[in-house]
Amino acid sequence: MSLTCVYSGAVHGVNAVPVEVEVNASEAGKVDIKLVGLPDAAVRESVDRVITAIKNSGLRWPSKSITINLAPADLRKEGPSFDLPIAVGMCSLDEHANGPLVEGALGKCAIAGELALDGRVRPIKGILPLTLQAKAQGLRAIFVPRENAVEASIVEGIYVYGVETLRDAYGLLAGEGHIRPERLDREAFFRSKQTYPIDFDEVKGQVHAKRALEVAMAGGHNVLMLGSPGTGKSMLAKRLATILPPMNEEEAIETTKIHSVAGLVDGKNSFLATRPFRSPHHTISDVGLLGGSSHPTPGEVSLAHNGILFLDELPEFRRSTLEVLRQPLEDGQVTISRAAGKFTFPSRFSLVAAMNPCPCGYLGDPARECRCSPTQIEKYRQRISGPLLDRIDLHVDVPAVDYRELRAEHAGESSAVIRERVEEARLLQLERFVSHPGVLCNADMGSRLVAEFCALDPASERALESAMETLHFSARAHDRILKVARTLADLGGSRDVREIHLLEAIQYRTLDRNLWR
C-alpha cells in the first residue's frame, strides 16, 4: 500500500470540521517526511513525536519519501490531536512488518489523540465536538484517548474506543485488540451529575433579596445587587444556578462542548449537567471575558452559556472590559474575527452583578458611617456605563442581616421549592412565545412584544404614570418595569399584569430612584 487515508477532525470555534489525513509513500527522492496542509507549530512538531512513538511501540514505517497531507488544505490545523491518525497512517503503509488492517477499517472510523514519545496516547481538548462531527459524517466508530472516552461516549449512535497506546489503536484496526467500546448509561449518568453541593436554604434572612432573585431567574432578567461588604451578595449569587430549571440533554451537550474546547473537561469532570457559574476576577482582560487571542478560544461569557455570569465588585472592572458585554447580552452569542477566520461562540447567560453602594462600602449602613463625599459616590457610580445599566432589569438592595435572623434555627425555602415556581413561570413564557422564534423568556421581549403582552388596566396605568413623574424614571426604565411586572404576574399565576405586580417591579429600580444620593 502506497497511499492511505485516516479520518480525523479539527475544532473550529465550538464545533468540529472533518479532516482527512492522507499519507503517501513514494520511492522517488530521498528518504524524508513532509507535512503539508496548513499545520501550525504544534502539528509540524508532530512528525518528530510520531516517529519516536512508532519506534518505541515496536512498529515500523516504510523507509521512503513520505508526504502527509491534512485536507482541506485551506483550513488551519492546530494542536496535537493529529499525532495518532498520522502514526496509524504511516504504520498502515508497512503492513508486511506491522500486520494488515481489517479491510475497510480505516474508512469506518475517526481517530484523534496526542502521542507521548513512548507511544502512550494523551488526552486532548474538544473531543466532544470531534465525536459529534464523526457521527454526522456517518462514521461508525471513533478512537480517542482513554481519558476522553467517557466524554465521547455521551454521543449516541457511534462506537467509542478508548485507547491507551498507539499499539492498542493499531491492534484494534488489525482485528487483534480486545478493547471493548465504552458503554455509558446516559440517563443514569445524566441524573447523577444533576446535583448541587449548595442550597438556598443556607442563606439566612434576605427575604427581599431572595424574592428579587427568584423573579430575575423566572423571567431571565439580568440583576444588580447593591449592599455593604459582608451582606451575602456573593453567597446569594452562587446559589442562583440551583433555582434555574434543570438543563435538558441538548443544553448539557452544548455547554459541555464549550468547556471541552476550553480544556476544562477531564476524566473526573467529563460532563456538565448542572448550569455553569462563572465568576471572573475584576482584573480580567477583554479577551479573557469575551474570548479571542490569535487562536480564538471561548471566554467567560461563553463558559457561562446556559448559566450564570457573576461580576462581583462591578465598578472595579475596567470600563472597556464591561463594554464588550453589550454584544453577548443583546445577541446571545459572540463573533470574533481573526486572520485564522471568523469564530462564533454561544453566550446566552444571566448576568448577575454586585457592588458596594459607595467606595468605602457603607453608605446607608445603620452601624457604620460612610465617609465618602457626594462627588466620590457619583464618580464611583459612573464607572458603570449607561448602556450596560440599560441591559439590567433589576437593581436589588441587599442590607446587612439582623443578628436574630443570622442565629435563627429555621431554614428558609430550599432551592427545590423555589425552582418549582421558576419552572412553572418559564413554562408559561415558552407557551406565550411559541410563535416568536428566539424569544424564550420575558427578558427577551422587544418593544412590540412588551406592548402586546404587558397591557395595563386603568389602575395600573395610573400607578405607572405616577411613578414615572414622581420618581423621574427614564424611558429605558419604563420597559424594564413592564417586563419584570409580566414575570411577577407569571409567578403569581395571573394572566394580566395588575397594579400589585407593577408596584413590586418599581421597587426593583434602586438606581433609577436615586436612593444612593
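Read in order, the letters of the sequence shown correspond to residues 306 to 822 in my numbering.
Idealized CB from N, CA, C, for every residue including glycine.
A quick note: this is a predicted structure, and the numbers were derived from the prediction, not measured.
Asked	Found
Sub-8 angstroms separation of Ile723 and Ile548 beta-carbons	yes
According to DSSP, residues forming a beta bridge with Ile447	Ala415, Val465
Proximal residues to Glu559 (C-beta, below 6 angstroms), its chain only, five neighbours per side dropped	none
Cβ pair Glu605, Leu619 closer than 8 angstroms	no
Separation of Lys339 from Asn320, as counted between CA atoms	28 angstroms
Where Asn661 falls: helix, strand or coil (DSSP)	coil
Neighbourhood of Ser625 by C-beta distance below 7 angstroms, restricted to the same chain and skipping five residues each side	Asp591
Residue range of the unbroken beta strand (DSSP E) whose run includes Glu648	It should be pointed out that residue 648 corresponds to Phe in this sequence rather than to Glu. Here the beta strand (DSSP E) through Phe648 covers 646-651.
For Ala764, the residue or residues it bridges with in DSSP	None, per the DSSP bridge assignment.
C-alpha distance - Gly593 paired with Pro651, whole-angstrom precision	15 angstroms
Any non-hydrogen atom of the ligand GDP closer than 7 angstroms to Pro385 Cβ	The ligand GDP is absent from the structure shown, which contains no ligands of any kind.
Three-state class that DSSP yields for Asn830 in the structure shown	In the structure displayed, the chain extends from 306 to 822; residue 830 sits before or after that span and is not available.
The segment 680-687 / the segment 706-724 touching (three or more Cβ pairs under 8 angstroms)	no
C-beta contact flag for Pro450 and Pro428 at 8 angstroms	yes
Inter-residue CB distance, Leu769 and Leu807 (contact presumed, cutoff 8 angstroms)	6 angstroms
Residue burial classification, Lys562 (beta-carbon count within 10 angstroms, cutoff 16)	buried
Delimiting residues of the alpha helix (DSSP H) encompassing Pro390	388-397
Three-state secondary structure assigned by DSSP to Lys335	coil
8 angstroms contact criterion, which Leu389 and Gly342 should meet: CB distance rounded	Actually they are not in contact, since the Cβ atoms of Leu389 and Gly342 sit about 16 angstroms apart, beyond 8 angstroms.
At least three beta-carbon pairs within less than 8 angstroms, the segment 437-448 to the segment 343-361	no
Cβ-Cβ separation, Gly314 to Ala417 (assumed contact under 8 angstroms), whole Å	7 angstroms
Closest residue to Pro585 among Asn574, Thr792, Phe622, Asn611 (Cα-Cα distance)	Phe622
Cβ contact (3+ pairs, closer than 8 angstroms) linking the segment 527-547 and the segment 454-469	no
Meets three-Cβ-pair contact criterion under 8 angstroms: the segment 568-577 and the segment 505-521	no
Candidates Phe505, Gly476, Leu608, of which the one nearest Ser397 by Cα	Gly476
Within-8 angstroms CB hit, Pro671 to chain D	As a matter of chain content, chain D is missing from the structure shown, which is built from one protein chain.
Three-state secondary structure assigned by DSSP to Asp506	helix
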